[in-house]
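> As they're listed, the protein sequences go chains A and B. Sequential numbering from 1 applies to the first sequence in our numbering. Sequential numbering from 1001 applies to the second sequence in our numbering. Just so you know, even glycine gets a beta-carbon here, dropped at the ideal spot from N, CA and C. What follows is a single structure, and I will ask about it in a moment.
Protein chains: 2
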Amino acid sequence: MPEKAIDLDFEKPLTTVDVVIFMVQADQLQVLLVQRPDGPQEPFPSAWALPGGFVDVAQDASLEACARRKLRDKTGVDSPYLEQLGSWGGKDRDPRGWSATHAYFALLPLEALRLAPGTETAATPAAPARWQPVDSVLVGPPLAFDHGEIFRTALERLRAKVEYTSLPAFLLPEPFTLPQLQKMYEVVLGRAIDKSGFRTRALAADFLQEDGAVDVGAPRPAMGYRLKDRNKLVYFPRTFSPRNI
Amino acid sequence: MPEKAIDLDFEKPLTTVDVVIFMVQADQLQVLLVQRPDGPQEPFPSAWALPGGFVDVAQDASLEACARRKLRDKTGVDSPYLEQLGSWGGKDRDPRGWSATHAYFALLPLEALRLAPGTETAATPAAPARWQPVDSVLVGPPLAFDHGEIFRTALERLRAKVEYTSLPAFLLPEPFTLPQLQKMYEVVLGRAIDKSGFRTRALAADFLQEDGAVDVGAPRPAMGYRLKDRNKLVYFPRTFSPRNI
DNA sequence: TGAATAGTGTCTGTAAGACACTATACA
DNA sequence: TGTATAGTGTCTTACAGACACTATTCA
């Protein structure tokens, strides 16, 4: 825009995007963390943080595109479930100045990572990354910036939505079986779910289509399913909750 | 991210905050709009837009503080219901450059405005403001920037949450009666609700406390209620929806 | 008294929770 | 055959929806 920016010559906040990336491995919900660099000028040197960073106005067409780029850089995976979580901004959250971050949360199936370049050899080799079980993050040392709060908000949102949506399907590669899907619900929620009720609900919600029998090594093979619409999140009429809430 | 502290003088996106402010008047859900200035350098001259503007890093301690300031400037009201809606950012949404806005939505009781300075005489007298019924905004001329999309998202979120939360209570001054509260639900949802079911639900949700009879001019006075906790949104176990969803 | 609004009781359908049951594969 | 997992049937309970009913005030 060839426009005189006189009005726009005030101090602008720093703008970042952070992504809370979840995955299930070994029956545990895990989150991806990266380690901050160690330089003397760096904020929170060596602390663990959510993957993310500054918006690149030359490279990113939109906030979501920026989030996808950071996800790709860290995991090598291209199009998982990605949802905006919220934004956090203020004068004190980053020692380098007034900053605002746009936070996203993403779900990945473990198998996607097996096929993709390992996280250690991704586009930013200087930043060590690791998966960590969410419960250990909750009780571990604080994350950099306000990333602890962002992470807890993401976890809360994930667990809340799992009660009444098809979200956990995005934690599995297709095709998957109903017992596998139920397992994802149970891992995220941290409690067992009745099999019969789960099946009735999942099938009634009409977001799955059969895809032939799958033998997962269990004594009896199970029916495989795919999502009818990989881009749509389906809402259930009620939650899985016991009797209270 | 490997950038050094001295490396922060890259191009930063513009950062704004916009607020979608709802109110019910004359049995209609209304939204507050302001008119863009008319200068030759102005984006979307004379178009209607959501109230908002640039974050002032000297004045605003946080994004939410910034939203509260803009709300106060436009309505004279201080602490209504305020919730973050999401953020929109990209290279094309503002002709002045790459920009990201943090959107909030707010609910106000009509009476709050009667006591406050009128919107026309508020801190920004140069910007005409008006309340407009949401349905007419939906079919009217497009709003400035991507404010049409932001507004539609806010309306959708409001209507969705009204199905299963105590949100409409924030559209009323206290104390209010159950028939008044039911009316707010009906206005926002755009359909009638069964009286008996509504009362059972509202009282069972345990977010109201009695506050003596109120005579609203109806033949028979009704019980007045206040929120037990003015800062808490209460979730119902199921929605008001008929039989589908 | 009637009119108008506030507030209650009762029946029904839906779907979740609990849990016992049957079905199918492999060793 | 037994065993492990897949998948089904059935009973109960909670609660929303529908709607008819009673209660209280004022003109």
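In whole angstroms, what separates the C-alpha of P25 of chain A from that of F44 of chain A?
By one-based count along the first sequence, residue 25 of chain A stands at place 25. By one-based count along the first sequence, residue 44 of chain A stands at place 44. The sequence shown places Gln at residue 25 of chain A, rather than the Pro named in the question. Distance between the alpha carbons of Q25 of chain A and F44 of chain A is about 28 Å.
> Under the three-state reduction of DSSP, which class applies to S79 of chain A: helix, strand or coil?
On the first sequence, residue 79 of chain A is found 79 positions in, with the first residue counted as 1. Of the three classes helix, strand and coil, the one that applies to S79 of chain A here is coil, per DSSP.
> Inspect the beta-carbon positions of A1192 of chain B and A1047 of chain B and report whether they are closer than 8 Å.
By one-based count along the second sequence, residue 1192 of chain B stands at place 192. By one-based count along the second sequence, residue 1047 of chain B stands at place 47. No. Outside cutoff.
> Given a cut-off of 8 Å on the beta-carbon distance, is the pair T165 of chain A and V214 of chain A in contact?
To locate residue 165 of chain A, count along the first sequence from 1; it is residue 165. To locate residue 214 of chain A, count along the first sequence from 1; it is residue 214. No, Cβ-Cβ distance for T165 of chain A and V214 of chain A is not below 8 Å.
> In terms of DSSP beta bridges, what is L14 of chain A paired with?
The residue you call residue 14 of chain A lines up with position 14 of the first sequence. In DSSP, L14 of chain A forms a bridge with A:S99.
> List the residues that DSSP assigns as beta-bridge partners of E1210 of chain B.
On the second sequence, position 210 is the one that residue 1210 of chain B refers to. Its beta-bridge partners are B:Y1225.
> I'd like to know if T1016 of chain B contacts chain A, where contact means its C-beta is closer than 8 Å to some C-beta of that chain.
For the purposes of this step, residue 1016 of chain B is taken as the residue at position 16 of the second sequence. No, its Cβ sits nowhere closer than 8 Å to a Cβ of chain A.
> So, are the CB atoms of V134 of chain A and L113 of chain A less than 8 Å apart?
Looking up residue 134 of chain A in the first sequence gives position 134. Looking up residue 113 of chain A in the first sequence gives position 113. Not a contact, by the Cβ cut-off of 8 Å.
> So the beta strand (DSSP E) A129 of chain A belongs to, where does it begin and stop?
By one-based count along the first sequence, residue 129 of chain A stands at place 129. Segment 129-133, the beta strand (DSSP E) holding A129 of chain A.
> By DSSP's criteria, A1106 of chain B is part of a beta bridge. Which residues make up the other side?
As a working note, residue 1106 of chain B is residue 106 in the second sequence. DSSP, once it has assigned bridges, lists B:I1021, B:L1082 as partnering A1106 of chain B.
> Can you find the residues in the same chain that come closer than 7 Å, C-beta to C-beta, to T16 of chain A, ignoring five residues on each side of it along the sequence?
On the first sequence, position 16 is the one that residue 16 of chain A refers to. Around T16 of chain A: G52, G53, F54, V55, S99, T101.
> Around the Cβ of G86 of chain A, are there at least 16 other Cβ atoms within 10 angstroms (buried) or fewer (exposed)?
Sequence index remark: in the first sequence, residue 86 of chain A carries index 86 (1-based). Under this definition G86 of chain A is a buried residue.
> First and last residue of the beta strand (DSSP E) that includes F1044 of chain B?
Residue numbering aside, residue 1044 of chain B sits at position 44 when the second sequence is read from its first letter. Where F1044 of chain B is concerned, there is no enclosing beta strand (DSSP E), given that its DSSP letter is neither H nor E.
> Distance cutoff 8 Å, beta carbons only. Does E11 of chain A sit that close to anything in chain B?
Mapped onto the first sequence, residue 11 of chain A falls at position 11. Answer yes: the Cβ-Cβ gap between E11 of chain A and chain B drops below 8 Å somewhere.
> Quick one: measure Cβ to Cβ for L1158 of chain B and F1022 of chain B, integer angstroms, because I've assumed they're closer than 8 Å.
Residue mapping note: residue 1158 of chain B aligns to position 158 of the second sequence, counting from 1. Residue mapping note: residue 1022 of chain B aligns to position 22 of the second sequence, counting from 1. Yes, L1158 of chain B and F1022 of chain B are in contact; Cβ-Cβ is about 6 Å, under 8 Å.
> From G217 of chain A to V187 of chain A, what distance separates their C-alpha atoms?
Position 217 of the first sequence, counted from the start, is the residue given in the question as residue 217 of chain A. Position 187 of the first sequence, counted from the start, is the residue given in the question as residue 187 of chain A. Roughly 20 Å between the two C-alpha positions.
> Relative to the C-alpha of R1230 of chain B, which residue among B:P1080, B:G1212, B:A1160, B:F1198 is closest?
The residue you call residue 1230 of chain B lines up with position 230 of the second sequence. Checked all of B:P1080, B:G1212, B:A1160, B:F1198; the closest Cα to R1230 of chain B is B:P1080.
> Rounded to whole angstroms, what's the CA-CA distance from L1014 of chain B to L1189 of chain B? Just pull it up for me.
Against the second sequence, residue 1014 of chain B aligns to sequence position 14. Against the second sequence, residue 1189 of chain B aligns to sequence position 189. In a straight line, the C-alpha of L1014 of chain B is about 35 Å away from that of L1189 of chain B.
> Report buried or exposed for L203 of chain A, applying the criterion of at least 16 other Cβ atoms within 10 angstroms of its Cβ.
Mapped onto the first sequence, residue 203 of chain A falls at position 203. Exposed.
> Run down chain A in chain order and give the residues with a C-beta less than 7 Å from the C-beta of W1048 of chain B.
Here residue 1048 of chain B refers to the residue found at position 48 of the second sequence. Here the premise fails: no neighbours, minimum Cβ distance about 20 Å.
> Taking any Cβ of chain A, which residues in the stretch 1056-1076 of chain B have a Cβ under 9 Å from it, in chain order?
Residues D1056, V1057, A1058, D1060, A1061, S1062, L1063, E1064, A1065, C1066.
> Count the other CB atoms, across all protein chains shown, that sit within 10 Å of the CB of V137 of chain A; report buried if there are 16 or more and exposed otherwise.
Here residue 137 of chain A corresponds to residue number 137 of the first sequence, with the count starting at 1. V137 of chain A comes out buried.
> Should the stretch 1027-1045 of chain B be called in touch with the stretch 1060-1070 of chain B, which here means at least 3 C-beta pairs below 8 Å?
Too few Cβ pairs lie closer than 8 Å, so no.
> Give me, in chain order, the residues of the same chain whose beta-carbon lies closer than 7 Å to that of R72 of chain A; leave out the 5 immediate sequence neighbours on both sides.
Stepping through the first sequence from its first residue, residue 72 of chain A is reached at position 72. Correct list, in chain order: D78.
> For a cutoff of 8 Å on Cβ pairs, would you count G1090 of chain B as touching chain A?
Here residue 1090 of chain B is taken as the residue at index 90 of the second sequence, counted from 1. It does; some Cβ of chain A falls within 8 Å.
> T121 of chain A to P168 of chain A, Cα distance in whole Å?
Indexing the first sequence from 1 puts residue 121 of chain A at position 121. Indexing the first sequence from 1 puts residue 168 of chain A at position 168. With a pLDDT of 44 at T121 of chain A, under the threshold of 50, the modelled position of this residue cannot be trusted, and the question is left open.
> Given a threshold of 16 other Cβ atoms within 10 Å of its Cβ, counted over all protein chains shown, does K74 of chain A qualify as buried or as exposed?
Position 74 of the first sequence holds residue 74 of chain A. So K74 of chain A ends up on the buried side.
> Leaving out five residues on either side along the sequence, give the residues of the same chain with a beta carbon under 8 Å from the beta carbon of P1109 of chain B.
Counted from its first residue, the second sequence places residue 1109 of chain B at position 109. Excluding residues within five positions, the ones whose Cβ falls inside 8 Å are M1023, P1080, F1170, L1171, L1172, P1173.
> On the DSSP letters alone, give me the boundaries of the alpha helix (DSSP H) that F54 of chain A sits inside.
On the first sequence, residue 54 of chain A is found 54 positions in, with the first residue counted as 1. Careful: F54 of chain A lies outside any alpha helix (DSSP H), inside the beta strand (DSSP E) at 52-54.
> For P1040 of chain B, count the other beta carbons within 10 Å of its own beta carbon; 16 or more makes it buried, fewer makes it exposed. Which is it?
On the second sequence, residue 1040 of chain B is found 40 positions in, with the first residue counted as 1. Classification for P1040 of chain B: exposed.
> Below 8 Å between beta carbons: does that hold for Q1132 of chain B and Y1104 of chain B?
Here the question's residue 1132 of chain B lines up with position 132 in the second sequence. Here the question's residue 1104 of chain B lines up with position 104 in the second sequence. For Q1132 of chain B and Y1104 of chain B, no; Cβs fall outside 8 Å.
> Give the single residue among B:D1211, B:P1221, B:L1050 whose Cα lies nearest to the Cα of A1127 of chain B.
The residue labelled residue 1127 of chain B in the question sits at position 127 within the second sequence. The shortest Cα separation from A1127 of chain B among B:D1211, B:P1221, B:L1050 belongs to B:L1050.
> Which residue's Cα is closest to the Cα of R130 of chain A: A:E64, A:R96, A:Q182, A:R36?
Numbered from its first residue, the first sequence carries residue 130 of chain A at position 130. Measuring from the Cα of R130 of chain A, the nearest candidate turns out to be A:R36.
> Kindly indicate if chain B contains any beta-carbon less than 8 Å away from that of G148 of chain A.
For this step, residue 148 of chain A is matched to residue 148 along the first sequence. Taking Cβ atoms only, chain B never reaches closer than 8 Å to G148 of chain A, which makes this a no.
> Sort A:R199, A:Q182, A:F176 by Cα distance to E111 of chain A and report the nearest one.
Here residue 111 of chain A refers to the residue found at position 111 when the first sequence is read from its first residue. Ranking the options by Cα distance to E111 of chain A, first place goes to A:F176.
> Rounded to the nearest angstrom, what separates E1149 of chain B and F151 of chain A at their Cα positions?
Sequence index remark: in the second sequence, residue 1149 of chain B carries index 149 (1-based). Sequence index remark: in the first sequence, residue 151 of chain A carries index 151 (1-based). Spanning the two alpha carbons is a distance of roughly 28 Å.
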